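Visitor: Structure in structure tokens, see below.
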Amino acid sequence: MNPSTPLLDVQHLSTDFIQGDNTTHAVIDLSFTIAAGETLAIVGESGSGKSVTAHSILRLLPYPVAKHPGGQVFFQGKELLNIKPDKLRSIRGNNISMIFQEPLTALNPLHKVGDQIGEVISLHKQLRGEALKQRILELLQQVDIPAEKASAYPHELSGGQRQRIMIAMAIANEPDLLIADEPTTALDVTVQAQILKLLKTIQQRMGMAILLITHDLSVVKRVADRVLVMQHGKQVEQATTAELFSQPQQDYTKTLLDAEPSGEPVPLDVQAEQQPLLESKDLSVNFEIGKRWFFQQPTLFNAVNNAAVSLLAGETLGVVGESGSGKSTLAMALLRMVDSEGEINFQGQTISQYDQNAMRPLRKDIQVVFQDPFGSLSPRLCIADIISEGLTVHQQLSAAQREQKVIDILQEVDLDPAIRHRYPHEFSGGQRQRIAIARAVILEPKLIILDEPTSALDRSVQVQVLELLKKLQRKHQLSYIFISHDLQVVRSISHHTIVMKEGEIVESGSSEAIFNHPQQRYTQNLLAAALSPTLEMD
């Protein structure tokens, strides 16, 4: 291949999805190139055509529903859209590899991860037996995974470890081009920084080009050489990373760059000697692990250890930490959804020993919004039934009264009440999260626990949801416990923040103090990983 010839050359690519009489134009007349060793990031909101573009290159779309009405894709001078299937298979996983967004879904749950890495190698290389085993161990070493993990199944690994396994599979045959589709979206900030640094190191060692698909502009700023901005399937802007971030030319690009969580928490109306709405003392949660024989002492895993939290009416408490730090377990303990030791007080009454029957009347005062609204909304119920379900349990209302409350709350969360007869699958992620918030707020609770409520959303949608939460907090004097690994989000909404590590609260204080003057090394590393523009970490 001529050194001046691009490694990948996409010319006027168009991709349609045809279902019956409906045609969706997912990618429209898109052109770009990637040179050897270069990183090109494609950015844009959900539905902009980023992933469809990546999948079109390797023809991984659901054909014949998918169709390319125009365009060409050249890789090392070979046209891929019309290449014979057997020749394309020889390129996939060998010359071009792909890292998918959700490794737990992409990995086979029935096979050990070492065998899955070996399968990729044996399909393209003549390696067997001891030579194949050694190559698998080399790859695990390259991605910082202990050799004994080769015999583990995907569910036995953490999210970061699974993503490293995906990287090991992708680089197994030393590809010329790596397509990384949202490779860090669901990861903690420290793990995200480690994965990005790992990819950069491997790229420099192998001279590999990377096509990065992401909606996280902080990731783009760290690793990309050039950026392609997409909206509604079309190219909006293309420039070097430095130029795009310093001098964006298009209004849509400026909107994306400005869509960073910012601002201050809602001002507190704190009265003198106000009693906490929620308080815990010496709260601990232990899980029994493994099997035991009669009279044998159980082996316990300490998920939360002596946690003390305090929350006032109208206040937001941010809870941050890496996966496995105990954030969600702490929330479940405060909700009395898991057994715990220690004291929990809510509205002046001790609820530590309440069983589910005793807690039922309090459920309307403590509501939860989960990370994945699609998973938490019943696909069999229309929106009106989902939102009004709690009213049926906790309030004696007529059908007309319930419907009016549903209409009112949908307007309050900035959704058209006419949608109440539709179903969850008909909405975007941001709309579904607004529906989940409406379901919680309609009961007029005192406290809402928000468990990663924005992590699966685009930045622009995140900002909208955060502003909605602040608006509702002002109007209803709501208290929030806001669990997240996104420190920028926590900073923009929380009055106080606690930092958790391995079940312990390692630092606690006002958000201003935590973010501006962290005392603990762990907190400093979290902030460095989340807010630093470089990949360097302590």
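When we follow full-length UniProt numbering, the leftmost residue of the sequence shown carries the number 1, and every step to the right adds one. Glycine is no exception: its CB is placed at the ideal position from the N, C-alpha and C atoms. Note that the structure is predicted; figures quoted are calculated from it, not measured.
Determine the contact status of LEU466 and THR454, defining contact as a CB-CB distance below 8 Å.
Guide: Against a cut-off of 8 Å, the Cβ pair of THR454 and LEU466 comes out as a contact.
Visitor: Is the beta carbon of LEU199 closer than 8 Å to that of ILE210?
Guide: In contact: ILE210 and LEU199 (Cβ atoms closer than 8 Å).
Visitor: Taking SER479 as the reference, which of LYS446, SER218, GLN347 has the closest Cα?
Guide: It is LYS446.
Visitor: From LYS133 to ALA152, what does the alpha carbon distance come to, in whole angstroms?
Guide: Near 15 Å, if we compare the C-alpha coordinates of ALA152 and LYS133.
Visitor: Determine the direct distance from the alpha carbon of LEU362 to that of LEU177, and round the result to whole angstroms.
Guide: Answer to the nearest angstrom: the Cα atoms are 55 Å apart.
Visitor: For a test of the three-state rule: what should DSSP assign to GLN192, helix, strand or coil?
Guide: GLN192: helix per DSSP, three-state reduction.
Visitor: Along the alpha helix (DSSP H) that carries MET332, what are the first and last residues, could you check?
Guide: 327-334 is the span of the alpha helix (DSSP H), which, as asked, contains MET332.
Visitor: Between the beta-carbon of VAL320 and the beta-carbon of SER484, is there less than 8 Å?
Guide: Cβ distance < 8 Å, so VAL320 and SER484 count as in contact.
Visitor: DSSP three-state call for ILE481: helix, strand or coil?
Guide: Of the three classes helix, strand and coil, the one that applies to ILE481 here is strand, per DSSP.
Visitor: Starting from ILE442, follow the beta strand (DSSP E) in both directions and report where the run begins and ends.
Guide: Run containing ILE442: none; DSSP gives neither H nor E here.
Visitor: Ends of the alpha helix (DSSP H) at GLN401?
Guide: Here the alpha helix (DSSP H) through GLN401 covers 399-412.
Visitor: Need the endpoints of the beta strand (DSSP E) that THR454 sits in, please.
Guide: Segment: none, THR454 is in no beta strand (DSSP E) and carries neither H nor E.
Visitor: Are three or more beta carbon pairs between the region 13-21 and the region 46-61 nearer than 8 Å?
Guide: In short, these stretches touch, since the Cβ pair count reaches three.
Visitor: Within its chain, find whatever has a CB closer than 8 Å to the CB of ILE386; leave out the 5 residues flanking it on each side and keep chain order.
Guide: The answer, listed in chain order, is LEU377, SER378, PRO424, ILE435, ARG439.
Visitor: With DSSP collapsed to three states, give me the class of VAL143.
Guide: DSSP places VAL143 in coil when its eight states are reduced to three.
Visitor: Go to ARG491, then tell me how far its alpha helix (DSSP H) extends in each direction, as first and last residue.
Guide: Where ARG491 is concerned, the enclosing alpha helix (DSSP H) stretches over 487-493.
Visitor: Can you tell which of ILE171, GLN192, LEU217 has the C-alpha that lies nearest to the C-alpha of MET206?
Guide: If we check each option's Cα against that of MET206, ILE171 comes out closest.
Visitor: Just to confirm, is the Cβ distance from PRO154 to LEU104 under 8 Å?
Guide: Yes, the Cβ-Cβ distance between PRO154 and LEU104 is below 8 Å.
Visitor: Do you know how far the Cα of LEU7 is from the Cα of VAL285?
Guide: Those two C-alpha atoms are separated by around 54 Å.
Visitor: Residues in its own chain within less than 6 Å of PHE370 by CB, not counting five upstream and five downstream?
Guide: Contacts found: SER376, ASP451.
Visitor: Between GLY390 and the rest of its own chain, which residues show a CB-CB distance below 6 Å, the 5 nearest in sequence each way excluded?
Guide: Cβ within range, chain order: LEU443.
Visitor: Figure out for me which residue from GLU260, GLU243, GLN231, ASN525 has the closest Cα to the Cα of TYR252.
Guide: Selected option, being the one with the closest Cα: GLN231.
Visitor: Taking the alpha-carbon positions, what's the MET98 to GLY114 distance?
Guide: So the two alpha carbons sit approximately 18 Å from each other.
Visitor: Identify which residue in GLU45, MET500, PRO267, PHE74 has its Cα closest to the Cα of ASP9.
Guide: It is PHE74 whose Cα lies nearest to the Cα of ASP9.
Visitor: Just to confirm, is the Cβ distance from GLN519 to GLU507 under 8 Å?
Guide: In contact: GLN519 and GLU507 (Cβ atoms closer than 8 Å).
Visitor: With distances taken between CB atoms, is the gap from THR39 to VAL223 smaller than 8 Å?
Guide: Closer than 8 Å, so yes.
Visitor: In three-state terms, what does DSSP make of GLN499?
Guide: The sequence given here has Val at residue 499, not Gln. In the structure shown, VAL499 sits in a strand (DSSP, three-state: E or B).
Visitor: Measure the alpha-carbon distance for ARG162 versus ARG491 and round it to whole angstroms.
Guide: Each residue's Cα considered, the two are about 29 Å apart.
Visitor: From what residue to what residue does the beta strand (DSSP E) around HIS394 run?
Guide: Not the beta strand (DSSP E): HIS394 falls in the alpha helix (DSSP H), residues 383-394.
Visitor: Beta-carbon within less than 7 Å of GLN356's beta-carbon, same chain only, minus the 5 sequence neighbours each way: which residues are those?
Guide: Same-chain partners within the cutoff: there are none.
Visitor: Hey, how far is the Cα of LEU487 from the Cα of MET500?
Guide: Rounded to the nearest angstrom, the two C-alpha atoms are 13 Å apart.
Visitor: How should GLU279 be labelled, buried or exposed, when 16 other C-beta atoms within 10 angstroms of its C-beta is the threshold for buried?
Guide: Under this definition GLU279 is a buried residue.
Visitor: Use the C-beta contact count for ALA307: other C-beta atoms within 10 angstroms, 16 or more gives buried, fewer gives exposed.
Guide: Result: buried.
Visitor: Would you give the residue range spanned by the alpha helix (DSSP H) that MET359 belongs to?
Guide: Per DSSP, MET359 belongs to the alpha helix (DSSP H) from 356-359.
Visitor: So, helix, strand or coil for HIS155, using DSSP?
Guide: Note: HIS155 maps to helix in three-state DSSP.
Visitor: Go ahead and pull the three-state DSSP assignment for GLU288.
Guide: It is a strand residue.
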